[in-house]
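Undergrad:
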Amino acid sequence: MRAALSVAGDLLREASSRRWFLALGIGVTMALVVIGSALQLEVVDGALAATRLFGKELGRGEIRSVDVALRYVGRALSYLLFYGGLAFGIVSCADFGPSLLAPGRIEHLLSLPVRRFELLLGTFLGVLALSLLSTLYGALGITVIFGLRAGVWMASPIVAALLASVTFAGIYGAMLTTAVMVRSAALSAAVGIALFLLGIVAGYREQLDSFFEPGLARGAFRAATLVLPRVSALADASADIAVATAIKGDVLASQVAGLLIFGLAALAVGIHVFEEKDF
1 MRAALSVAGD
11 LLREASSRRW
21 FLALGIGVTM
31 ALVVIGSALQ
41 LEVVDGALAA
51 TRLFGKELGR
61 GEIRSVDVAL
71 RYVGRALSYL
81 LFYGGLAFGI
91 VSCADFGPSL
101 LAPGRIEHLL
111 SLPVRRFELL
121 LGTFLGVLAL
131 SLLSTLYGAL
141 GITVIFGLRA
151 GVWMASPIVA
161 ALLASVTFAG
171 IYGAMLTTAV
181 MVRSAALSAA
191 VGIALFLLGI
201 VAGYREQLDS
211 FFEPGLARGA
221 FRAATLVLPR
231 VSALADASAD
241 IAVATAIKGD
251 VLASQVAGLL
261 IFGLAALAVG
271 IHVFEEKDF
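When you line the sequence shown up against full-length UniProt numbering, it's residues 1 to 279, in that order.
1. Could you give the distance in angstroms between the alpha-carbon of Leu176 and the alpha-carbon of Leu22?
2. Is Val114 helix, strand or coil by DSSP?
3. What are the boundary residues of the alpha helix (DSSP H) that includes residue 366?
4. Alpha carbon to alpha carbon, how far is Gly219 from Leu140? Give it in angstroms, no decimals.
5. For Val144 and Ala164, what's the separation of their Cα atoms in angstroms?
6. Would you tell me roughly how many angstroms separate the C-alpha atoms of Thr225 and Arg149, rounded to the nearest one?
7. Do you know how far the Cα of Gly97 is from the Cα of Ser111?
8. So for Ala94, helix, strand or coil by DSSP?
9. Pick out whichever of Ala189, Ser232 and Leu70 has its Cα sitting closest to the Cα of Ile90.
10. If you drop the 5 nearest sequence neighbours on each side, which residues of the same chain put their C-beta closer than 6 angstroms to that of Ala242?
11. From the DSSP output, in three-state form, read off Trp20 for me.
12. Would Gly263 pass as a contact of Ala169 if the rule is Cβ separation under 8 angstroms?
13. Given this structure, state the Cα-to-Cα distance separating Leu133 from Gly85, to the nearest angstrom.
14. Can you give me the Cβ contacts of Leu128 inside the same chain, cut-off strictly under 6 angstroms, excluding the 5 residues immediately before and after it?
15. Using alpha carbons as the reference points, say which of Gly192, Ala239, Arg230 and Leu197 lies closest to Leu260.
16. State the Cα-Cα distance for the pair Val222 and Gly270, rounded to the nearest angstrom.
17. Would a C-beta distance cut-off of 8 angstroms place Val28 and Gly126 closer than the cut-off?
18. My understanding is that Leu70 touches Met154, with C-beta atoms under 8 angstroms, so please give their C-beta distance in whole angstroms.
19. Exposed or buried, Leu197, counting other C-beta atoms within 10 Å across all chains shown (16 or more means buried)?
20. Taking buried to mean at least 16 other C-beta atoms within 10 Å of its own C-beta, is Ala15 buried or exposed?
21. Cutting at 7 angstroms between CB atoms, please list the residues of its own chain near Leu121, excluding the five before and the five after it.
22. Between the C-alpha atoms of Tyr10 and Leu267, what's the straight-line distance to the nearest angstrom?
23. Taking only three categories from DSSP, how would you classify Gly85?
24. Going by the CB atoms, is the gap between Leu195 and Ala174 shorter than 8 angstroms?
25. Apart from the five residues on each side of it in sequence, which residues of its chain come closer than 8 angstroms, Cβ to Cβ, to Lys277?
26. Is it true that the CB of Val7 sits closer than 8 angstroms to the CB of residue 290?
27. For Gly203, which option in Ser254, Val191 and Leu187 has the closest C-alpha, if you only look at C-alpha atoms?
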């Protein structure tokens, strides 16, 4: 395990040397600056009197408790952070797996006293750390903006960032396995995007199966979505937490566990293929 953590640390150092962190920081910071400058909140005696976005007033101008009013803002932000952070992670991290397997580099890595499964596991852990850092940075920035503007410090953006990172762990296991099989960043990203979109459908499988006729079509749909990660289910959970809606802890735990099992199972397939590959 120590060797895998060392590989993860090397990946973080490589990301730093490639100015990945700098580009990430600039991009997220610019987005936060735009949000902070465009959003104007008028708070009077603990009540939200007006909300303006890019100078346009939102809502009907009712005076509401700032805590209640910002719950629904937090819900929208939770969806934005969850889906935006997940999509950003899929696209920006697709190249790390293929770069590990680049000709010349993989032969050098295999000559080191590190086992093959540790190389792949370390890459997996390192990319997850990158994803967590990027989503948490954006979530903390939004939390600070609303805390300073409205005096309300919301935990919902941070919860959304954490759940997005868990979801990314499930998807990236399949992306890394794809990279081992075909050594292509484009195909790795395509698999991630496909799982992202299909996972949204899978999260609503109970509602969608009524659109299929009973019998073979409905059975095929339920079977196809049974093993997919429930992306939209965790997005909805983060939004429900933002508006203080009661959620079932055991259901959320089972959804998180299902995503992690999916990701680890996909990673196990990748490790098996990697062990059998001849470089």
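Where a beta carbon is used, it is the ideal one built from N, C-alpha and C, also for glycine. Keep in mind the model is a prediction, meaning the values are calculated, not measured.
TA: Straight from the coordinates:
1. Here the C-alpha atom of Leu176 lies approximately 24 angstroms from the C-alpha atom of Leu22.
2. Three-state DSSP puts Val114 in coil, outside helix and strand.
3. For residue 366 there is no data in the structure shown, the boundaries of the chain being 1 and 279.
4. Distance from the CA atom of Leu140 to the CA atom of Gly219, rounded to whole angstroms, is 43 angstroms.
5. Rounded to the nearest angstrom, the two C-alpha atoms are 20 angstroms apart.
6. Approximately 43 angstroms, taken between the alpha carbons.
7. Pairing Ser111 with Gly97, the inter-Cα distance amounts to about 18 angstroms.
8. Coil at Ala94, not helix or strand.
9. Of the listed residues, the one whose Cα sits closest to Ile90 is Ala189.
10. Exclusion of the five residues before and after Ala242 leaves Gly74, Arg75, Ser78 and Ser156 as the residues of its chain whose Cβ lies within less than 6 angstroms of its Cβ.
11. Of the three classes helix, strand and coil, the one that applies to Trp20 here is helix, per DSSP.
12. Yes, these two residues count as a Cβ contact at 8 angstroms.
13. Each residue's alpha carbon lies about 11 angstroms from the other.
14. Within the same chain, Cβ atoms closer than 6 angstroms to the Cβ of Leu128 are found at Ala169, the five residues on either side in sequence being excluded.
15. Residue Arg230 is the option with its Cα nearest to Leu260.
16. It should be noted that the sequence gives Arg, not Val, for residue 222. For Arg222 and Gly270, the distance between alpha carbons rounds to 26 angstroms.
17. Contact annotation: Val28 and Gly126 have beta-carbon atoms that are not nearer than 8 angstroms.
18. A Cβ-Cβ distance of about 7 angstroms is found for the pair Leu70 and Met154, placing them in contact under the 8 angstroms criterion.
19. So Leu197 counts as exposed.
20. It is buried - the Cβ of Ala15 has at least 16 other Cβ atoms within 10 Å.
21. Excluding residues within five positions, the ones whose Cβ falls inside 7 angstroms are Ala4.
22. Checking the displayed sequence, the identity of residue 10 turns out to be Asp instead of Tyr. Inter-residue distance for Asp10 and Leu267 is about 20 angstroms (C-alpha atoms, whole angstroms).
23. Gly85 falls in the helix class under three-state DSSP.
24. Contact check for Ala174 against Leu195 passes: the beta carbons are separated by less than 8 angstroms.
25. Excluding residues within five positions, the ones whose Cβ falls inside 8 angstroms are Val180.
26. A question about residue 290 goes unanswered here, because the residues of the chain that appear run from 1 up to 279.
27. Nearest option by C-alpha distance: Ser254.
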